[in-house]
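Take a look at the structure set out below.
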Amino acid sequence: MDLLNTLVDKGLRRESPTREEALAVLATSDDDLLDVVAAAGKVRRHWFGRRVKLNYLVNLKSGLCPEDCSYCSQRLGSKAEILKYTWLKPDQATAAARAGVAGGAKRVCLVASGRGPTDRDVDRVSDTIKAIKEQDGSVEVCACLGLLSDGQAERLREAGADAYNHNLNTSEATYGDITTTHTYADRVDTVRKAHAAGLSACSGLIAGMGESDEDLVDVVFSLRELDPDSVPVNFLIPMEGTPLAKEWHLTPQRCLRILAMTRFVCPDVEVRIAGGREVHLRTMQPLALNLANSIFLGDYLTSEGQAGHADLEMIADAGFEVEGADRVTLPEHRASVAGGGCGSHAGAGCGSHADGGADGAAGGGCGSHADGGVCAPAPTARTEEARTDLVAVRRRGAGTDLAPNA
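Residue numbers (UniProt numbering): 1 to 406.
What follows is the structure in structure tokens.
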């Protein structure tokens, strides 16, 4: 397939595909799916080998958020029967982080519900970051606290944070359809604040909210322009009690195409399979490791994930290896930039992650391209059967007396 050969060549040179080429990836048929995975897999292996980075979520404060993000079980007015608790103490958060690291996690993601942190909240999280770093200085710590005010990113960096996550989630054109209490521009501003402070920026998306192929391409290209180091790709977890509880649009095949498109647009960036992989990829999860070089270990913010030991077995059985603390995740040309951030390089692609997306977390069309190559008719969209049996509220780990899943 000429399109795929072109995309592989561009990915190895760190060049971005055109929008038409990215749309064409999403429009490929199921008959061509393995060819798409194989092509994107060449790009993934070129930059990241067969390593898989493990990340572990610690929900520092759960529920009761004043924002109205439609995908989130912690949102204003949510009827989801999730765990609700206020800030964990530093020793509690550190104990949760220790479990994730013991399970193989290289990065700990400290997440808190809310619009954004107060200065006192930043002090709390800073104390937790310092405690985790004192326990194990090799652990990467990513904070995800919502919208940042001036100076807060710098304070987190001074406390020892390595990264900050804040997802764009969807395209600018449709952002107002899922959230009204803050804007797309607010999210972009926070990612830029983190980057400017020397934190490794992490920002990504949520697929499965009823968006079009054009929306998916728009948000991934917007991420490339923001140039974060990591791009979490969340697949909506339609939790009962949220406005999007009935949104079941994703199939395993569509999820793989979305991951492949993200890899082609962001060839040398950490692409992370985030929330919803168990619900939507299901038995196709091992195949997705050929596209993404990073996953979350164990549970998510408010929902349960695959058992931690099953994650490790899946990685080994698929012929991949867990990335150790002694390995630098990003390619040298990116990792060498001050603060671990992305360098500016002609035509290079990039992407990342943020708030409740890890728990959210259709339309066709095919672009024309110079060789005329792949433009078969777009596959007929089909609504996936609701698999509510695969959605379980988290009842263990942070905020409970039960052992975490790691």
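Note that the Cβ used here is the ideal one computed from N, Cα and C, for glycine as well.
Grab me the residues of residue i's own chain with a C-beta within less than 8 Å of its C-beta, minus the 5 sequence neighbours each way, in chain order.
i      : result
Glu278 : Gln285, Gly305, Gln306 and Leu390
Ala288 : Cys255, Leu256, Leu259, Ile273, Arg277 and Leu281
Asp68  : Arg75, Leu76, Gly77, Thr179, Thr180 and Thr181
DSSP three-state label for residue i, please.
i      : result
Leu256 : helix
Phe221 : helix
Ala80  : coil
Asn405 : coil
Ala398 : coil
Arg44  : helix
Val328 : coil
Arg51  : strand
Leu4   : helix
Val393 : strand
Pro232 : strand
Lys89  : coil
His345 : Only weak support is given to the placement of His345: the predicted model assigns it a pLDDT of 31, under 50, and the question is left unresolved by the model.
Leu23  : helix
Taking all protein chains shown into account, decide if residue i is buried (16 or more other Cβ within 10 angstroms of its Cβ) or exposed.
i      : result
Glu225 : exposed
Gln74  : buried
Lys246 : exposed
Leu34  : exposed
Arg327 : exposed
Thr400 : exposed
Ser200 : buried
Lys89  : exposed
Ser149 : exposed
Thr6   : buried
Glu323 : buried
Leu3   : buried
Ala346 : Low per-residue confidence applies at Ala346: pLDDT is 32, beneath 50, and the placement is therefore not dependable enough to give any value.
Compare the beta carbon distance of residue i and residue j with 7 Å and say whether it is the shorter of the two.
i           : j      : result
Tyr175      : Ala194 : no
Phe320      : Arg50  : yes
Val139      : Val188 : no
Val141      : Ile132 : yes
Val43       : Pro267 : yes
Ala97       : Leu60  : no
Ala80       : Gly241 : yes
Gly114      : Gly146 : yes
Ala38       : Val8   : no
Cys202      : Ser171 : no
residue 423 : Ala93  : Residue 423 is absent from the structure shown; the chain starts at 1 and stops at 406.
Excluding the 5 residues preceding and the 5 following residue i in the sequence, name in chain order all residues of the same chain whose CB lies nearer than 6 Å to its CB.
i      : result
Pro232 : Gly204, Arg272, Ala274 and His353
Spatial neighbours of residue i within its chain, please: C-beta separation below 7 Å, excluding the five flanking residues on both sides.
i      : result
Gln152 : Pro117 and Val122
Gly308 : Gly103, Leu297, Gly298, Asn405 and Ala406
Met314 : Gln285 and Pro286
Say yes only if the C-beta of residue i is nearer than 6 Å to one or more non-hydrogen atoms of the ligand FAD, and no if none qualify.
i      : result
Ala163 : In the structure on display, the ligand FAD does not appear, and there are no ligands present to speak of.
Considering only residues of the segment 143-213, which uninterrupted alpha helix (DSSP H) runs meet the minimum length of 4 residues and lie entirely inside it, listed in chain order?
Within the segment 143-213, the complete alpha helix (DSSP H) runs of at least 4 residues fall at 152-159, 175-178 and 184-196.
Let me know the alpha helix (DSSP H) ranges lying completely inside the segment 244-326, each 4 residues or longer, listed in chain order.
Runs found: 252-265, 277-280, 285-288 and 308-317.
Enumerated in chain order, which unbroken segments of the beta strand (DSSP E) with a length of 3 residues or greater are wholly contained in the segment 93-146?
Entirely contained in the segment 93-146, the beta strand (DSSP E) runs reaching 3 residues are, in chain order, 107-112 and 140-144.
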